[in-house]
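Student: Here it is, the structure in full.
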Amino acid sequence: MATAVQTREPRFPRQPGSGYPLDDNRGTWGMALTIATEATLFVCLFGSYFFLENNKNRWAIDEPPKMNYAFIMLAVLLGSSLVLHWGEKQVKKGKHRTGRIALGITILMGFAFLFLSAFEYLSHWKELTPYSDSYGSIFYTIVSIHAAHVIVGLIMLIYTLILPRYGPALRSPYRPYHVAALYWHFVDIIWVFVVGLLYVMPNVRIYGF
Amino acid sequence: MSATAVEERLKTIWETPESLWGWFATVDHMEIGKRYLVTALVFLIIGGVEALILRIQLFRPDQSLVSPEMYNQLFSMHGITMIFWYAQPILSGFAIFVIPLMIGARDMAFPRLNAFTYWLYLVSGILLYVAPFLGQAPHGGWFSYMPYTNATYSPGYGLDFYALSLILFSLSMTGGAINFIVTILRLRCPGMTLARMPLFLYSTMTISWVSIFGMPALTVACLFMELDRRWGMHFFGMAAGGNDLLWQQLFWFFAHPWVYIIFLPATGMVSMIIPVFSRRPIVGYAWVATATMLTGAVGFSVWLHHMFTVGMSDMAMSFFSAGSMMISIFTTIQVFAWVATVWKGRIVMTTSMYFALSSVALLVIGGLSGIFTGIIPVDWQVHNTYYVVAHIHYVLIGSNVFPVFAGFYYWLPKMMGRKMNETLGKWSFWIMFVGFNVGFFPMHILGLMGMPRRIYTYEPGLHWTALNQIETIGAFMLGVGILVSIINFFWSRRFGEIAGRNPWNADTLEWITESPPEPYTVVHIPTVASRHPLWDDHDEFDDPGDDRVLAEGRLTLVSHWLDAEPFAVSKMPKETIAPLLASITIFGFFLSLVFQWMWAALGCVIATVLLAYYWLWPRENGEEIA
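Chains as they are written, first to last, in the numbering used here: chain A, 9 to 217; chain B, 12 to 637.
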């Protein structure tokens, strides 16, 4: 097309009389604001982590957390985000089946993440429990709250998975897919911060790069 | 279709069925707004009665009406009830009722979420008030400082109810904030650009953003408190490497913005009422709007001024002292705009105007004592004395309760179709105004004389007795004044003068509807050509093609957030019982957490998830879920 400006075709049949297409963006706005407030929740948690770091006789740098599981989990989550994004694009094209398969893979990867985090807990548990001191408390709290967000994300993804085609044209449920995916990407990005601040940083401070 | 046929059709589409099911399942913003108002007023009365018991206890030295522990529980419950369960929800009530009318929308952006946040608010209040019936109400004041509130010094369930009911409450407030932002940014009628929004929308949107970024700190603080108290973790308490100040930091990072959350919408209401009764547009619209938003933003960098006595670097203290001073500039801009509006206008002295004008005066007094406490040496002197008590009551009653009453006298005719009685209203105003000043002004003096806050009694011979007695009399007068207004409400509901569409000859869109408004508000969604749609020549209902009737279902117009150009119609959900059921299961979850019934808690979580699926499941053809 030679024209610079393309008119956007309304995705939905026009309502009789009103002349306007159906709004399909409300959920995205709601989800964006939910993510904003949830992100602030994690900012507060990280802030508390650094506040507690200031006055401690034992802290992460004395015995930095092992990173092997955290990195595998990071790879799983980021991979799941890629799969989900690909699936979202398929659904937007109307490829309902492919989108669902991608969603299923994402959900499996999410469960794999939770499964791995159980091992991750076990690998720390001998030296550090939530009850040992403030470092243990804040460490396990942040990791567990993130895990809780993964569970909420999975609940949304499972809902999208079982959602039938609906609407006058029996179209594929693209908008719920999009909204749930937004939340899933958010949860994944938070894990990047958790790994960076709670795992990598103490290790770097002790051992250097 | 003829005009009446269209009206009938819209009415059947939008009406909530009049049945028990309809009562519980309604998603109508007017119904929910009124419920917010009534519930918050009930909390005002409960908190007020608690305050009166405190004042009787302090009437004489060495009084023994209540025990010290009982006194602690009473003042804590008074503070928590007033600051959380009354002050913000009552403003939400006005906003939920008025805002969709004000912007020409047919409901809030998320009607079911709207119902859900109301039910959550209600059950969080119930959760809080379970505690007194166990004899274990929270007793650490409304800010519950560590280490007094840890498991060692505060055994029992009181503070667990405090922490968990506040988390539940913050869920409700966050949901409400999301709803307000999306409603205000997306559902404004054609032509109502950002620069033509009524000022009440600016203040509500500002506090909604502040809630989005402020409430999580409260959630985190309460979560830490609960984990520390009941689950053996160590966030506070130096022994295991925790830090008691973490509580104060998190709490005030939330709670100072919270002060603006319960203050700004009230100033927004004053900015609506004063111009109408001065018969002219507000002076400095853009200044007031900007000052409102800046108050919200800068409100995030003043929280340490609650902690000047904690001990911190001079740099930090100077920064937060300066931030606190900066806020007073923004407030002053608003005050001068109101004064100039009155100055240049032709005043109509209705009861509503009485309340609005008096709130400006009281806000100035409260603001000035706030500037004093913002100055660090003065703060060190008056910290934890009655001076601070005087300050917060001047700010919160002066710029929350008085504007709220102005709002009642102003908007109740829209809600119930009849005007409030002016004679009774003015009686109520004068009793409240005199009672409030008699009751609270002497607290400044008592504070400077050294009377600490939160003491359950005092000895004779300290020269505190007379002032305390005056205060008690004033507090009872304030209560009587509020009672007169409540009587006025019940009288006017039956015998009041019929209001008609626009009893005050006001300028904003809510006055274009019937009083009380039809469930669909108006047949043609209006258009707007200026800031004062009802004072200009533009015909809001001009709609030759019937493009803005939208009688094909529960529909409302969606417009661009900046220039309010309509580009879509939004489908609104029907009545559903899911929000109520979900809030009950969430209530069950939090109640089980208090007593650590973990299987019950898990059951509630599963039930909530299933309810969420039921809630969101697509039902009819074409219904949009997202």
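Note that the Cβ used here is the ideal one computed from N, Cα and C, for glycine as well.
Does the beta-carbon of Phe600/B have 16 or more other beta-carbons within 10 angstroms, so that it is buried, or is it exposed?
Tutor: buried
Student: Please tell me whether Ser581/B has its Cβ less than 8 Å away from any Cβ of chain A.
Tutor: yes
Student: Among residues of its own chain, excluding the 5 on either side of Leu133/B, which ones have a beta-carbon nearer than 7 Å to its beta-carbon?
Tutor: Thr50
Student: In chain order, what residues of the same chain have a beta carbon less than 6 Å from the beta carbon of Cys615/B, not counting five sequence neighbours either side?
Tutor: Cβ neighbours of Cys615/B beyond the five flanking positions: Thr596, Gly599 and Phe600.
Student: Please name the residue in Ile273/B, Met113/B, Asn499/B and Gly377/B whose C-alpha comes closest to that of Ile94/B.
Tutor: Ile273/B
Student: Starting from Ser145/A, trace the beta strand (DSSP E) in both directions and tell me its first and last residue.
Tutor: Premise fails: Ser145/A lies in the alpha helix (DSSP H), Ser142 to Ile170, not in any beta strand (DSSP E).
Student: For Thr36/A and Val399/B, what's the separation of their Cα atoms in angstroms?
Tutor: In a straight line, the C-alpha of Thr36/A is about 44 Å away from that of Val399/B.
Student: Skipping 5 residues on each side, what residues in its chain have a beta carbon closer than 7 Å to that of Val221/B?
Tutor: Pro268, Tyr271, Ile272, Gly307 and Gly310
Student: Output the distance between the C-alpha atoms of His543/B and Ala188/B, rounded to the nearest integer angstrom.
Tutor: 26 Å
Student: For the region 96-108 of chain B against the region 484-496 of chain B, do three or more pairs of beta-carbon atoms, one drawn from each stretch, fall closer than 8 Å, so that the two count as touching?
Tutor: Judged by Cβ distances under 8 Å, the region 96-108 of chain B makes no contact with the region 484-496 of chain B, as fewer than three pairs qualify.
Student: For the region 331-354 of chain B, which residues have a beta carbon sitting closer than 9 Å to at least one beta carbon of chain A?
Tutor: Within the region 331-354 of chain B, no residue has a Cβ that lies closer than 9 Å to any Cβ of chain A.
Student: CB Leu245/A to CB Val158/A, shorter than 8 Å?
Tutor: There is simply no residue 245/A to check, as chain A begins at 9 and stops at 217 in what is shown.
Student: Can you find a CB in chain A that lies within less than 8 Å of the CB of Ile636/B?
Tutor: Unreliable placement is indicated for Ile636/B, whose pLDDT of 42 sits below 50; no coordinate value is reported for it.
Student: How would you list, in chain order, the residues of chain B whose beta-carbon sits under 8 Å from the beta-carbon of Leu111/A?
Tutor: In chain order: nothing, as chain B lies at least about 15 Å away.
Student: Nearest to Leu169/A by alpha carbon, out of Lys74/A, Ile109/A, Glu46/A and Pro72/A?
Tutor: Of the candidates Lys74/A, Ile109/A, Glu46/A and Pro72/A, the one whose C-alpha sits nearest the C-alpha of Leu169/A is Ile109/A.
Student: If you measure from the beta carbon of Arg66/A to each beta carbon in chain B, is any gap under 8 Å?
Tutor: yes
Student: Does the Cβ of Trp34/B lie closer than 7 Å to at least one heavy atom of the ligand ATP?
Tutor: Because no ligand of any kind appears in the structure shown, any question about the ligand ATP cannot be addressed here.
Student: Hey, could you find the ends of the beta strand (DSSP E) Lys582/B is sitting in?
Tutor: Taken as a continuous stretch (DSSP letters only), the beta strand (DSSP E) holding Lys582/B covers Pro577 to Lys582.
Student: Do we get a CB-CB distance below 8 Å when we pair Ser152/A with the residues of chain B?
Tutor: no
Student: Could you work out which residues of chain A lie near Gly243/B, taking near to mean beta carbons separated by less than 8 Å?
Tutor: Neighbours of Gly243/B on chain A, chain order: Pro138 and Tyr139.
Student: Give the single residue among Ile387/B, Tyr365/B, Ala618/B and Trp522/B whose Cα lies nearest to the Cα of Trp438/B.
Tutor: Tyr365/B
Student: Quick check on Thr301/B: does DSSP put it in helix, strand or coil?
Tutor: helix
Student: Less than 8 Å separating the beta-carbons of Ser183/B and Leu112/B?
Tutor: Taking 8 Å as the Cβ cut-off, Ser183/B and Leu112/B do not qualify as a contacting pair.
Student: Given Arg464/B, which residues of its chain have a CB within under 7 Å of its CB, disregarding the five upstream and five downstream residues?
Tutor: Asn395, Thr396, Tyr397, Val399 and Val400
Student: Tell me, please, which residues DSSP counts as bridged to Phe30/A.
Tutor: With the sequence shown as reference, residue 30/A is identified as Leu, and Phe is not the correct amino acid for it. Answer is Val580/B.
Student: CA-CA distance, Ala75/B and Ala300/B?
Tutor: It should be noted that the sequence gives Ser, not Ala, for residue 75/B. Taking C-alpha positions only, Ser75/B is separated from Ala300/B by approximately 50 Å.
Student: How is Pro544/B classed by DSSP in three states: helix, strand or coil?
Tutor: coil
Student: Is it right to say Ile498/B is buried, meaning 16 or more other beta carbons lie within 10 angstroms of its own, or is it exposed?
Tutor: exposed
Student: Assign Gln607/B to buried or exposed, taking buried as 16 or more other Cβ atoms, counted over all protein chains shown, within 10 Å of its Cβ.
Tutor: exposed
Student: How far does the alpha helix (DSSP H) with Ser570/B in it reach, from first residue to last?
Tutor: Secondary structure note for Ser570/B: it is in no alpha helix (DSSP H), and the uninterrupted beta strand (DSSP E) holding it is Leu566 to Ser570.
Student: Is the CB of Gln260/B under 8 Å away from at least one CB in chain A?
Tutor: yes
Student: Count the other C-beta atoms from every protein chain shown that fall within 10 angstroms of the C-beta of Pro24/A, then say buried if there are 16 or more, exposed otherwise.
Tutor: Note on Pro24/A: pLDDT 46, under 50, position unreliable in the model; no value is reported.
Student: Measuring CA to CA, which of Leu190/A, Tyr77/A and Ile197/A is closest to Gly38/A?
Tutor: Leu190/A
Student: Count the other CB atoms, across all protein chains shown, that sit within 10 Å of the CB of Val313/B; report buried if there are 16 or more and exposed otherwise.
Tutor: It is buried - the Cβ of Val313/B has at least 16 other Cβ atoms within 10 Å.
Student: Determine, for Pro29/A, whether the minimum Cβ-Cβ distance to residues of chain B falls below 8 Å.
Tutor: Yes, its Cβ sits closer than 8 Å to a Cβ of chain B.
Student: For a minimum of 4 consecutive residues, which ranges assigned as the alpha helix (DSSP H) are wholly contained in the region 97-147 of chain B?
Tutor: 98-113 and 122-139
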